[in-house]
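Structure, as structure tokens:
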Amino acid sequence: MDVVIGQLPRYLEGFGTTLLLLGAAGLAALAAGTVLAAMRIGPIAALRAVSGAYTELARNTPLTLVLMFCAIVLPYLGIRLPYLLAAIVALALYTSPFVAEALRAGVNGVPVGQAEAARSLGLGFTQTLTLVILPQAFRMSVPPLVNVFIALTKNTSVAGGFFVIELFTVGKELANANGNAVVAVLLGVATFYLAITVPLGLLAGWIEQSWAVRR
Amino acid sequence: MSGPAVLFDAPGPRARALSRALSAVTIVLLAAGLCLAFLALNAPKESGGITLPGMFDASRWDIVWDPQLWSFVLGQGVLGTLRAALLAAALAVALGVLLALLRSASSPWLRLPTAVLIEFFRGMPVLLMMLFILLVFSTGQYWAVVSALAVYNGALIGEALRAGLRSLPRGQREAALSLGMRSLQSKLLVEFPQAFRQMLPVIVAQLVVLLKDTSLGYIVGYPELLRVTMNNLASFYGNRYLFPLWLVTLVLYLAINLALSWLARRLARHR
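Sequences listed follow chains A and B, in order. Each residue of the first sequence is one higher than the last, beginning at -7 in the working numbering. Each residue of the second sequence is one higher than the last, beginning at 1401 in the working numbering.
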């Protein structure tokens, strides 16, 4: 316990990097995922195919492999990113298809009658989407989206294996330096992760109950 | 909504032409992008005064004819990945069943601690669990990977099964109880088989995640596919082969995972 309290500044430093990874990769994944989802439900066949193929490929590739590409293979190919940036890019690439799937599931969850009613009133594709479908889809997408971000929070720890000094790395180093207090050190790390994931989980549950579209 | 077709009109000739033109533009752009990437990778590289061959040069790919490479990749790497994934999957499903039963128990003394336990395991990174088991229980890398994956995915499968149990019509349980079954009998003989079948696609999808997560063994030092190719073989054959080895690893992971995902989709259809 003394180790955790004594090393609190290092914990907080690691926690800050974890939050930075979460925020930056989360925003990038949200933007890319929205584009992917829009391509997937839009009328242009080639865009649908491209988005579908990317989603399928990225969802079946381990994150460790993506991170390895960005942190180790890319520099060898001559593109040298700072490790923090490489980790953000890899996490965003890996997370964006999950965001897209959550959004698409929301759109698919809107009953077909809503779209039919909007179309029969003479609304076009854009109007149907922005005025009728998306407002309902958004509410249904938020809980799965929050779950995607919870997964992203946990996934930031993998960046610790690729030269980014975040919470997991701090835990590993402190555990190696304090062999007599490994349990306390690692439970300290776990507490920081839980401090992000548990409130997010509660938020998802709360939104699911209070925001649900009542029909 | 069933398909995208409701969102827009059946396209007329002009819209069809536009859509086709945009599709063509997309395909051209994509092909151009891939070509550029290929050319950039294929171009010889200057490095510290010496010229290195491009990434698709034959001298970088000659190792794929080496049978020793494949015996190592398949015999050590793929086998290591599958060995860890299969045992972890079996343990995770068993643990998931147990946790779902405990969490839907009628006694709060069983239910509440299980709920806390599940929330704890769900909120932790698997990698941290692997490190914890490795350092605290000194189990060796294999068991650290297997047990961390089993506990983490067991918690998630348990939650999926519980959702399946909850979504069953109440009449199922009432009918079982009115036939004279005990509560546990009704759970095991009537409700659980249905919940399990209903949640099978979710469970298989979780098992794909489990398989992908065995690659975390790379970080804790368990020799699975990623570690074998990118660490052992890359140092054995030299950095020259870094990119080809990465590509081989990617293709192998995709082959295994796509096969499993395909199975998940089939199961979802033939429920």
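We put the beta carbon where it would ideally sit given N, CA and C, even for glycine.
Taking a cut-off of 8 Å for Cβ pairs, the stretch 158 to 178 of chain A and the stretch 61 to 72 of chain A do not touch, as fewer than three such pairs fall below it. Secondary structure in the stretch 85 to 136 of chain A: the alpha helix (DSSP H) runs of 4 residues or longer, each lying completely within the stretch, are 104 to 112 in chain order.
If the five residues before and after L1660 of chain B are omitted, its C-beta is found closer than 8 Å to the C-beta atoms of V1604, L1607, V1608, L1611, all from its own chain and listed in chain order. The beta-carbon of K1587 of chain B is placed no less than 8 Å from the nearest beta-carbon of chain A. Within 10 angstroms of the beta-carbon of P89 of chain A lie 16 or more other beta-carbons, which makes it buried. Residue state for T1451 of chain B is assigned as strand, using DSSP reduced to three classes.
Between the beta-carbon of P1601 of chain B and that of L1667 of chain B there is about 5 Å, and that keeps the pair under the 8 Å contact cut. Going by beta carbons, G98 of chain A and S43 of chain A fall outside the 8 Å limit.
Under a 10 Å Cβ-count criterion, E1574 of chain B is classified as exposed, with fewer than 16 other Cβ atoms of the shown protein chains found around its own Cβ.
Judged by DSSP in its simplified three-state form, E1624 of chain B adopts coil rather than helix or strand.
By the Cβ criterion, the stretch 176 to 192 of chain A is not in contact with the stretch 19 to 35 of chain A, since fewer than three pairs of Cβ atoms, one from each stretch, lie closer than 8 Å. Your pair V1628 of chain B and L1561 of chain B does not check out as a contact, with CB atoms roughly 34 Å apart and the cut at 8 Å. At a Cβ-Cβ threshold of 8 Å, W203 of chain A and R111 of chain A do not count as neighbours. Residues of the stretch 32 to 52 of chain A with a C-beta atom less than 9 Å from some C-beta of chain B are R32, I33, G34, P35, I36, A37, A38, L39, R40, A41, V42, E48, L49, R51, N52, listed in chain order. A distance below 8 Å between beta-carbons, with the five flanking residues on each side excluded, links A129 of chain A to the following residues of its chain, in chain order: L95, G98, V99, G101, V102.
In the same chain as I188 of chain A, and ignoring 5 residues on each side of it, the C-beta atoms closer than 6 Å to its own belong to T145, in chain order.
Along the stretch 1514 to 1536 of chain B, going in chain order, the ones with a CB nearer than 9 Å to a CB of chain A are E1519, F1520, R1522, G1523, M1524, P1525, V1526, L1527, L1528, M1529, L1531, F1532, L1535, V1536.
Q1572 of chain B and N172 of chain A have their alpha carbons spaced roughly 53 Å apart.
Inside the stretch 1490 to 1560 of chain B, DSSP marks whole alpha helix (DSSP H) runs of 4 or more residues at positions 1508 to 1522, 1526 to 1536, from first to last along the chain.
The C-alpha of I36 of chain A lies about 8 Å from the C-alpha of R1420 of chain B. By alpha-carbon distance to Y1542 of chain B, the top candidate from B:M1524, B:G1617, B:L1626, B:G1433 is B:G1617. Residue pairing by DSSP places E200 of chain A opposite no residue, since no beta bridge is assigned to it. Taking L1517 of chain B as the centre and dropping the five residues before and after it, the same chain places the C-beta of L1499, A1555 closer than 8 Å to its C-beta, in chain order. P135 of chain A is classed as buried because its beta carbon has at least 16 other beta carbons within 10 Å across all chains shown. Under the 10 Å beta carbon count, R32 of chain A is surrounded by 16 or more other beta carbons and is classified as buried. Judged by pairs of C-beta atoms under 8 Å, the stretch 1534 to 1550 of chain B touches the stretch 1482 to 1493 of chain B, as three or more such pairs exist. Between L69 of chain A and L1441 of chain B a beta carbon distance of about 7 Å is seen, short of the 8 Å cut, so the two are scored as contacting. With fewer than three CB-CB distances shorter than 8 Å, the stretch 1586 to 1595 of chain B does not count as touching the stretch 1632 to 1644 of chain B. R111 of chain A has a beta carbon lying within less than 8 Å of a beta carbon in chain B.
With respect to the C-alpha of L1407 of chain B, the residue from A:A151, A:G114, A:G153, A:P191 having the closest C-alpha is A:G114.
For M1630 of chain B, the C-beta contacts it makes with chain A under 8 Å involve M60, I64, in order along the chain. Residue range 0 to 33 is occupied by the alpha helix (DSSP H) that includes I33 of chain A. Per the C-alpha coordinates, the member of A:V150, A:Y86, A:T122 positioned closest to P1525 of chain B is A:V150.
In the three-state DSSP reduction, E1574 of chain B falls in the helix class (H, G or I). Distance from the CA of T122 of chain A to the CA of L11 of chain A, rounded to the nearest whole angstrom, comes to 32 Å. Here R1503 of chain B is near R1511 of chain B, since their CB atoms are less than 8 Å apart.
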